[in-house]
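Going down the list, the protein sequences come from chains A, B, C and D.
Counting from 3, one number per residue, gives the positions in the first sequence under the numbering used here.
Counting from 11, one number per residue, gives the positions in the second sequence under the numbering used here.
Counting from 73, one number per residue, gives the positions in the third sequence under the numbering used here.
Counting from -13, one number per residue, gives the positions in the fourth sequence under the numbering used here.
Just so it is clear, CB atoms sit at the ideal spot from N, CA and C, and this is done for glycine as well.
Just so you know, these numbers come straight off a predicted model, no measurement behind them.
In what follows, a single structure is set out as structure tokens and then discussed.
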Amino acid sequence: MLPELYNYWVVIVLMMIGFYIVIVQGNLIKKLIGLNIFQTSVFIFYISVGKVEGGSAPILAEGVSVYSNPLPHVLILTAIVVGIATMALALALVVRIKNAYGTVEEEELQERDLRC
Amino acid sequence: MLSHLPILQVIVPLLAAPACLLLDRARAAWLFACMASFISVVISGLLVFQVHQFGVLSYSLGGWDAPWGIEYRIDVLSAYVLLIVSGIGALMILAADTAIRTEIPSERQPLFYVLYLLCLAGLLGIVATGDIFNVFVFLEISSLATYALIAQGRDRRALWAAYQYLIVGTIGATFILIGIGFLYSLTGTLNMQDLANRLPALESSATAFTAFAFLMVGVCLKLALFPLHLWLPNAYAYAPSIVTAFLAATATKVAVYLLIRFHFSVFGVGFAASVLPLHSIFLVLGLVGVFVASLVAIQQPNVKRLFAYSSVAQIGYMIIGIGIGTVTGLQATLLHLFNHALMKGALFLALAAIVFRFGSADIRHFAGLGQRMPWTMAIIVIGGLSLIGVPGTVGFISKWYLVLAAFERDWWLLIIAVLLGSLLAVIYIWRLIEVAYFREGEGEPRGEAPLSLLIPTAILALANIYFGIDTRLPVYLSDSAAQMLFGGGP
Amino acid sequence: MLAGIYGLLSASFFVSMDAVDVAFTEAAVGAGVFPLLMLTALTVAGRYEQTVHRRPRAAFFLVLVTGALMIVGTLDMPAFGSLDAPAHTHVAARYIELSPTEIGIPNMVTSVLADYRAFDTLGEVVVVFTAVVGVLIMLTPGEQRQQPSPANAVETMRSHMILRVVSKMLIPLMLLFALYVQFHGEYGPGGGFQAGVIFAAAIILYAMLFGLVKAQAAIKPSILRLLAAFGVLLYGGVGVVSFLTGVNYLDYSRLATDPVVGRHIGIFSIELGVGITVAAAMILIFYAFAGYATGRAEAE
Amino acid sequence: MTALLALQLTLVVPLCGALLIALCGRWPNLREAVTLSTAGLLFYLVIQVFGAVERGGDEAAALYVELWQILPGLHIALHSEPLSILFALVASGLWIVTSVYSIGYMRANQEKRQTQFYVCFAVAIFAAMGVAFSANLLTLFLFYEVLTLSTYPLVAHKGDDKARAGARTYLGILLATSIGLFLPAMMWTYFVAGTLDFRSGGILEGNIGGIGATILLLMFMFGIGKAALIPVHRWLPAAMVAPTPVSALLHAVAVVKAGVFTIAKVVIYIFGLDFLVDVPHEVIAVYIAGFTIVVASILALRQTNIKRMLAYSTVSQLSYIVLAVLVLTPLSEIGAIVHIVAHAVAKITLFFAAGAIYIASKKTEINQLDGIGFRMPITMAAFAIAALSMIGVPPTGGFVSKWYMIAGAFQVDSYFVLVVLTLSTGLNAAYFLPIIFRAYFRKESVAPPKPHGEAPLPMVGAICVTALLTLLVFFLNGPLVAFEMAVLGVPR
């Protein structure tokens, strides 16, 4: 079973690293990088689901009978775009936060809020 | 054209948004947005009627039948929620023009309306679609719009709140995405109906269980179910008042809808019970949520925050309703969806009026408000009574059904707990009333809020009373929806 | 930088999973847009940081639980790459078998993306649109608005003669390539989104070398806004047209007498919509960030 | 006009009246005219309904109208039966008198916001009518709350800190009790009984037993805060800050009467006498009521301010009614019902008198009253009559009701009740007689700055009328009692 599933497990490890960073990191930008890793690994997970042994890219071609599953690819195309859109928004937020607070560290943010 | 209503419901606001950007003048954008949202109300009304007439409406996009194409599927439940969301959305946009005048600089206002419409469209899309991945896409549309909207609050903490919400929300969405991935790898389909047909065979599989778990956690993050509620109070407290009002009245409702949809329609009632004691978990979390949140609410100096916590508590009630696990319980939840939208809508809009006058919703501004803004305060009182559950208001109806459901189960402790919960509500409402009516206001006197803000608020407040007396519509819809959900698939 | 490398890595991974389209996109996004955004953000936010980790243990535990749950979840999953997994046999099978004849284009990803699940893609475009509006509303300075003057932070590269010459030649090529990707999407990997990103990249490069002001003079933000909105409307409009032809939303079959041709037209036009919106959005986002940065640079 | 129509109009008329009053606010005379005519019309309508009930038979039975169905099993419905018609008569009748009186009072006192005053008053009457004619507990609850909310502005009328503090206690206690106890008790009742309709013989029998019934009974007794049992009585003295006509409204016309009326309704039509007899420890409730009577009387004894003293006397008098209701014998029920009327007319007289004294001489303390009897003979005469009624001396209404109470107590030889009644009678005498004594048999210690006679005419007129009523209750008790027998299903 392990050889069959190792691929997923690798992905999961990667995913969890990202997740961990998101939770633990105090620096807002690093949080986002963590989030990005988290999401990307989910994409990989999907693509792995779509992989077919000995299949080739799902573009019609002569002499190819087995194609990989196009559906996950489509979903992930969408998901990637969603991800990058989220990132853009998040970074814009960070920029504004930096401007308003003068820092992008969670601790400092909180204490500065307490002060005012 | 009538046959296209399901999709029109979503694309009218969806396409109105970019058109709104083209206008690029606040007033024009506002009028346009009003038009679009009122059209969508009409559509949702027609949809309710159609569903009532012909039963479930299925609309296959691009002409590809499910499961190959994306299907829009309107049953009683979705029609009901669509009605709530679009109705509230329209009322809020009415008030928006005045409400944001003081809160958002003029050159940003057109963009504000664009985002508002996008958010509305996203929420409607989540409810209307019958395709589980499509849910994810529209969830993100509404979420992104929401983050941006929240960040528009004047207090810089709004930015921080928006960021937190963004992180939590994205994690939630990703969890849902993972859940979908598992489901797909297990069944090879994304259509809810199709899933519902294929899942029972795989009930025992660990993958199905994991998918279920991830979907539930993801939704509960969005739903701000205790203890995952931490993002909500800040977001509601610092967002522009109108945004708060809109979100409080719609976003959480849609999240509850998703919960119910996944739980009952996709996986089926039996599933959860077979793999884990979900209902008892819901009961416990709901109860704890009600009490903790209410207790915290009592100590809040900022009234917006106070009602934000009370929202968390109310969500607790809805979850309890699901946790009871009977038709009546579910009906109580559905009723509370409707009723809570009305009361919180009225309350937060009233707060918007107060913010409009005082610049913040701090409780010290409430001193002497009974004389200064009699109408606004009267509305707050009505909303408060409704929140407590006094007969003659909608709050009573939902409480009534909740207690009824508990009674059918002979869970006296639960009944007592629910009633105690309402007593906590009495306490924090009383705090407001006391300050507003029994304390002299200091500072220069300020007048009543402008009519453009007051009228929508009043409409909502009256709705609180009207639907507390004439309960036929919500009771009928929620009843048939609950019946259908327990009868099986969507 | 690291992020960029990570992006490239995952892209290459996608290739090995023969998801060329995804790989292409990820390459464009993960290695291109994301790091770029990061950098611009960093120029504003500054590099300074203190490394405090909050409640690492609790977090680690949480992560562990989640991971374990997922591992459990995978246990009952069909073996990796197995042919007969339901994922491949149920819905996807039809796409692979029938799409060439139904849609009549070789790239199945495109046909699924732009036809079977076209509505998802509409949603995707709207997401991009939402993001750009969100960025604009957040980075449009309020009342205290300053025009970025020629002397601004993003113009540091002016001095590099070689760079400018090279890129002068490069930029037109990129634009051409973008167009190719745009219209060739039906046959090879690629499509509206990728094209849009590349196009945007070209403009952004231009902006970096010749300064934001020049770039904004060349391509006005106001026009970009219109384009961004127009793309979405075009996409949605196609659906509306299919109403008028008396079929369901986004059903292209009646756009021409022959359904297949109709679908070609439909796909072509929506891909165009995607491309326009994405390109405009990306450029606008960059403008917003850069403009904000310079605005603050002057404020200090 | 059919009685059924009249029944519905009793709700419509006061509301329209309130609306008109609000519209005519700018022209005082017109406004007062509207008030009076509304009051008169309402009284006429109530008489119509009364007639139907009096005639009995099908017509009386048909006096039921369902206005609305909130949920299956939850109706807003009106019904008229002897008990309710009596309350309605008292409220609507006294409204006329009070309006006349308050016109005099408000003008003589140059009160502010008079329009608001009259509007709220009308709304309060509307609520009282609703309470009287409600056919089930839910309807009653709704109007009960309306009554609370509509009287709040009246209590806070003066608008200074003292008034606001009083109003706060008033609203706080009444809302808290009704929402915290009354509402849950109501829900409980529905869930066990499956209905909330008032049925003779009660609806709880066989549906709830043992200690549960006792708890439910106590929840009702304290939940109905308007009945002012100790310890939820504090709102009543607190509300004394209000202008005198309002005190009259609270103590005689609507509010407290609504409280005891509700308790009577609950005991008679929800529990049912026969069932309540079997309820364990039902006697606890009796003790609470008795305790309230005695303690409140003692407190009244220690008051120096006339109105506060009257307030405490009300507290104790209310518990007479509750006590009598809980003795659970037909005779005692009659006593209770008659006492609702007797106390109403007597207490309103006392308040009117107190108000008159205040207006004429600005005196509010008991020890200032030396010799007042010679300056204001009519007022004090009325005061004396009412006081005697409070004590229970013939020929006043108080005697009749007390008589039936004692008789009822004898039927079940409940000596506790007898002791309480005699004791409290003594106490009442102890705090009323001194006033009369001062008024007539002491010389004025200091002559008032400016000599004064009686209060303005409308007030004196009103006082005479109510005093007369106090006597009438005594002389006309026969038909009254016979009529009320129907409440207990005793055929006439």
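query = In chain order, what residues of the same chain lie with their CB nearer than 7 Å to the CB of Leu167(D), ignoring the 5 residues before and after it?
reply = Met205, Phe208 and Gly209
query = Which term fits Pro220(C), buried or exposed, when burial requires 16 or more other beta carbons within 10 angstroms of its beta carbon?
reply = Only weak support is given to the placement of Pro220(C): the predicted model assigns it a pLDDT of 44, under 50, and the value that follows is read from those uncertain coordinates. So Pro220(C) counts as buried.
request  = Pick helix, strand or coil for Tyr484(D), following the three-state DSSP scheme.
outcome  = With chain D represented from -13 up to 478, any question about residue 484(D) goes unanswered, as that position is not in the structure.
query = Leaving out the 5 sequence neighbours to the left and right, which residues in its chain are closer than 8 Å to Tyr259(C) when beta-carbon positions are compared?
reply = Ile177, Pro178 and Asn179
key: Contact list for Leu22(D) against chain B, beta-carbon separation under 7 Å   = The premise fails here: Leu22(D) is roughly 28 Å from chain B at the closest Cβ pair, so nothing lies under 7 Å.
query = Hey, how far is the Cα of Lys429(D) from the Cα of Ala372(D)?
reply = 23 Å
request  = Indicate whether at least one CB of chain A lies closer than 8 Å to the CB of Arg189(C).
outcome  = True, the Cβ-Cβ gap to chain A drops below 8 Å.
ask   = Taking just the CA atoms, how far does Asn29(A) sit from Glu108(A)?
value = The alpha-carbon atoms of Glu108(A) and Asn29(A) are separated by roughly 6 Å.
request  = Could you run through the stretch 238 to 255 of chain B and flag, in chain order, every residue whose CB is less than 8 Å away from some CB of chain C?
outcome  = none
ask   = So which residues of chain A does Asn179(C) contact, with C-beta pairs closer than 8 Å?
value = Pro60, Ile61 and Leu62
Candidates Cys2(D), Tyr30(D) and Phe29(D): closest to Arg17(D) by CA position = Cys2(D)
ask   = Between Gly402(B) and chain D, is there a C-beta pair that is closer than 8 Å?
value = yes
task = Report back the beta-carbon spacing between Val76(A) and Val184(C) to the nearest angstrom; my notes put them in contact at under 8 Å.
result = Rounded to the nearest angstrom, the Cβ distance from Val76(A) to Val184(C) is 5 Å, consistent with a contact under 8 Å.
query = By how many angstroms is the C-alpha of Val51(A) removed from the C-alpha of Leu495(B)?
reply = Answer to the nearest angstrom: the Cα atoms are 32 Å apart.
task = With DSSP collapsed to three states, give me the class of Tyr50(D).
result = strand
ask   = Are the C-beta of Val52(B) and some C-beta of chain C separated by less than 8 Å?
value = no
ask   = So, Ala46(B) versus Pro28(B), is the Cβ gap smaller than 8 Å?
value = no
query = Which one of Gln309(B), Thr386(B), Leu71(B) and Ile407(B) has the shortest CA to CA distance from Ile21(B)?
reply = When each option's Cα is compared against that of Ile21(B), the closest is Leu71(B).
query = Going straight from the alpha carbon of Asp260(D) to that of Lys251(D), what length do you get?
reply = Rounded to the nearest angstrom, the two C-alpha atoms are 14 Å apart.
ask   = Going along chain C in order, which residues have a C-beta closer than 9 Å to the C-beta of Asn144(B)?
value = Listed along chain C, the residues sitting closer than 9 Å to Asn144(B) by beta-carbon distance are Arg189, Phe191, Asp192 and Gly195.
request  = Identify the continuous alpha helix (DSSP H) that holds Tyr248(B) and give its terminal residues.
outcome  = For Tyr248(B), the uninterrupted alpha helix (DSSP H) segment begins and ends at Trp241 to Tyr248.
task = Give a yes or no on whether 8 Å exceeds the smallest Cβ distance from Val337(B) to chain C.
result = Taking CB atoms only, Val337(B) has no neighbour in chain C less than 8 Å away.
request  = Give, in chain order, every residue of the stretch 253 to 287 of chain B whose Cβ lies closer than 9 Å to some Cβ of chain A.
outcome  = none
message = Going by DSSP, what residue range makes up the alpha helix (DSSP H) through Ser304(B)?
response = For Ser304(B), the uninterrupted alpha helix (DSSP H) run begins and ends at Leu288 to Ile308, by DSSP.
key: Assigned secondary structure, Ala91(C) (DSSP; H/G/I helix, E/B strand, else coil)   = coil
request  = Determine, using beta carbons only, whether Ser199(B) comes closer than 8 Å to chain C.
outcome  = Looking at the sequence itself, residue 199(B) is Thr, so the reference to Ser does not match. Yes, because at least one Cβ of chain C sits closer than 8 Å to the Cβ of Thr199(B).
task = Please check the pair Ala35(D) and Ala8(D), which I expect to be a contact at CB under 8 Å, by giving their CB distance rounded to whole angstroms.
result = Here the sequence assigns Val to residue 35(D), which means Ala is not the residue at that position. Taking C-beta atoms under 8 Å as the contact rule, Val35(D) and Ala8(D) fail to qualify, at a distance of about 27 Å.
query = Which value, in whole angstroms, describes the spacing of the CA atoms of Tyr138(D) and Leu80(D)?
reply = 20 Å
task = Helix, strand or coil for Ile7(D), going by three-state DSSP, please let me know.
result = helix
inquiry  = Please identify the residue among Ala218(B), Ala356(B) and Lys409(B) whose C-alpha is closest to the C-alpha of Ala427(B).
reply    = Lys409(B)
message = Across the stretch 395 to 412 of chain D and the stretch 356 to 375 of chain D, are there enough close Cβ pairs to call them in contact, namely three or more that are closer than 8 Å?
response = no
task = Let me know the alpha helix (DSSP H) ranges lying completely inside the stretch 137 to 200 of chain D, each 4 residues or longer, listed in chain order.
result = 147 to 163 and 169 to 179
inquiry  = Three or more C-beta pairs under 8 Å: does that hold for the stretch 444 to 464 of chain D against the stretch 40 to 59 of chain D?
reply    = no
key: Extent of the continuous beta strand (DSSP E) run through His65(D)   = Leu60 to His65
request  = Closer than 8 Å by C-beta to Phe42(B): which residues in its own chain qualify, once you throw out the five before and the five after it? Chain order, please.
outcome  = Ala26, Ala29, Cys30, Leu33 and Tyr123
inquiry  = On the CB-based measure, 16 or more other CB atoms within 10 Å of its CB, does Val263(D) come out buried or exposed?
reply    = exposed
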